[in-house]
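Visitor: Below is one structure. I have some questions about it.
Residue numbers (our numbering), protein chains in the order written: chain L, 835 to 1162; chain R, 5 to 115.
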């Protein structure tokens, strides 16, 4: 990897931080890049024309690893729109039989758009999620149309609102239902997220008052300077400024809670990475440990050296950023 | 120096303390307390006020800083736009209300 003037390991050393893995409690599985949307900031570069998809053999291997390790309590399924993978329903069902907590990164609009390649309907998803008691985690960049459609495409806001309504109708987000619906905010441009607590209060108030909608928690995440967002920054001459903002906002308290310390990311082909961002940059696990789900070795992987790069400043800026929101 | 204003100079604000660090440190401490924290007003409300003031004093550094500050405190473009209309309305009102002085002057000359 070429040397960078944004030196993440140096920042860790300067603050006396050792970011070694603490556990592997989550297997985050990216089942493919096919999506019904093509969002402006998507770090996966997912879209309706992508064809990469996890096959049954790899999905079965993920389930085998989960079955063999009771300490891996969570399966986090992402994509693309993960529901478009032909093995998605099977994976959810099998993981639930193992007693795993299943999280689905659900974009809301796929309920209405269905599969862009086959036309297959996905209207059954709210009932399917509820039946299997999945935790649903959905991006909604803002509680109003402007920021949402600007980032995720025209008409996405209205469809997302209807998607949340259908999830609410089967119990998601409602007190005491046990069906968790968590929303994800990320900034519409090259700026850091506002306080998670204050935005969550705003989202709850505005979605309830404007549309009568409920959800559980809001996760704020920072835009990662990779792929589409990075290209956008470079196009507008803002890459250096954004990186400098992230570096200057380095927060040692946030660094301690970064998600790579407790999860392993699996790509559609079974390759292993420290996180979904590394996966998208083709940065595998450290070469000293197995790099494929087919060569899984829990102890070796737990004791690996995490591989860092420039974009890691995105997870440590301000209040921190992870697939579960802030980390500080 | 090719231009009086360079956007990169905003990041050099602290350099103003080169010849008197104590005063600039006091100023930044006060500035952060006044504009960057939740109090009787939320941080977001303070940032929206700052954006309005920035347009009134027409400071490009301040407009840049408070536009970002508004976004990073959870404001959206609709709220930001309303804040600068408040600035414009107050500023326009300040001009117009002096029309009373014009009327006084006209009265003084018998018009």
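Using N, Cα and C, we set each Cβ at its ideal position, and we do this for glycine too. Here the structure is a predicted model, which is why all the values come from computation and not from measurement.
#1: What's the call for residue 37 of chain R, buried or exposed, on a 16-neighbour Cβ count within 10 Å?
#2: I want to see whether chain L comes within less than 9 Å of residue 81 of chain R, judged by CB atoms only; does it?
#3: In the DSSP assignment, find the beta strand (DSSP E) that holds residue 25 of chain R and state where it starts and stops.
#4: If you follow the beta strand (DSSP E) that residue 910 of chain L is part of, which residue opens it and which one closes it?
#5: Should the segment 853-867 of chain L be called in touch with the segment 1125-1141 of chain L, which here means at least 3 C-beta pairs below 8 Å?
#6: Going along the segment 1029-1056 of chain L in order, which residues come within less than 8 Å of chain R, judged by CB to CB distance?
#7: Identify which residue in L/928, L/1000, L/873, L/1102 has its Cα closest to the Cα of residue 960 of chain L.
#8: Compute the Euclidean distance between the alpha carbons of residue 1147 of chain L and residue 1084 of chain L, then round it to the nearest angstrom.
#9: Does any C-beta atom of chain R lie closer than 9 Å to the C-beta of residue 1006 of chain L?
#10: Hey, out of L/1081, L/1114, L/894, L/1123, whose CA is closest to residue 878 of chain L's CA?
#11: Under a CB-based cut-off of 9 Å, is residue 994 of chain L close to chain R?
#12: Taking 9 Å as the CB-CB limit, is residue 786 of chain L close to chain R?
#13: Check whether the Cβ atoms of residue 1056 of chain L and residue 1155 of chain L lie closer than 9 Å to each other.
#14: So, with DSSP's three-state summary, where would you put residue 1139 of chain L?
#15: Which of the three DSSP states is assigned to residue 1125 of chain L in this structure?
#16: Can you tell me whether DSSP reads residue 72 of chain R as helix, strand or coil?
#17: Buried or exposed: where does residue 12 of chain R fall if 16 or more other Cβ atoms within 10 Å of its Cβ makes it buried?
#18: As an exercise, report each continuous beta strand (DSSP E) stretch of at least 3 residues that is fully enclosed by the segment 911-961 of chain L, in chain order.
#19: Where do the ends of the alpha helix (DSSP H) carrying residue 1065 of chain L lie?
Guide: Reading off the structure:
#1: Numbered from 1 along the second chain, position 33 holds the residue referred to as residue 37 of chain R. So residue 37 of chain R ends up on the exposed side.
#2: If you number the second chain from 1, residue 81 of chain R lands on position 77. Interface residue, yes.
#3: Within the second chain, the letter at position 21 stands for residue 25 of chain R. Element bounds for residue 25 of chain R: not the beta strand (DSSP E) but the alpha helix (DSSP H), 25-39.
#4: By 1-based counting over the first chain, the position of residue 910 of chain L is 76. Note, residue 910 of chain L: beta strand (DSSP E), 908-912.
#5: yes
#6: 1029, 1032, 1033, 1036
#7: On the first chain, residue 960 of chain L is found 126 positions in, with the first residue counted as 1. It is L/1000.
#8: As a position in the first chain, residue 1147 of chain L is number 313, starting the count at 1. As a position in the first chain, residue 1084 of chain L is number 250, starting the count at 1. Spanning the two alpha carbons is a distance of roughly 7 Å.
#9: Taking the first residue of the first chain as position 1, residue 1006 of chain L is located at position 172. No, its Cβ sits nowhere closer than 9 Å to a Cβ of chain R.
#10: By one-based count along the first chain, residue 878 of chain L stands at place 44. The shortest Cα separation from residue 878 of chain L among L/1081, L/1114, L/894, L/1123 belongs to L/1114.
#11: By 1-based counting over the first chain, the position of residue 994 of chain L is 160. So no, residue 994 of chain L is outside the interface.
#12: In the structure as shown, chain L starts at 835 and stops at 1162, and residue 786 of chain L therefore has no counterpart that could be examined.
#13: For the purposes of this step, residue 1056 of chain L is taken as residue 222 along the first chain, with counting starting at 1. For the purposes of this step, residue 1155 of chain L is taken as residue 321 along the first chain, with counting starting at 1. Yes. Within cutoff.
#14: Taking the first chain and counting its residues from 1, one reaches residue 1139 of chain L at position 305. Three-state result, residue 1139 of chain L: coil.
#15: As a working mapping, residue 1125 of chain L is identified with position 291 in the first chain. Correct three-state label for residue 1125 of chain L: coil.
#16: Against the second chain, residue 72 of chain R aligns to sequence position 68. Note: residue 72 of chain R maps to helix in three-state DSSP.
#17: As a first step, residue 12 of chain R is located in the second chain; it is residue number 8 there, counting from the start. Residue 12 of chain R should be labelled exposed.
#18: 935-939
#19: Working through the first chain from its first residue, we reach residue 1065 of chain L at position 231. Element bounds for residue 1065 of chain L: 1061-1069.
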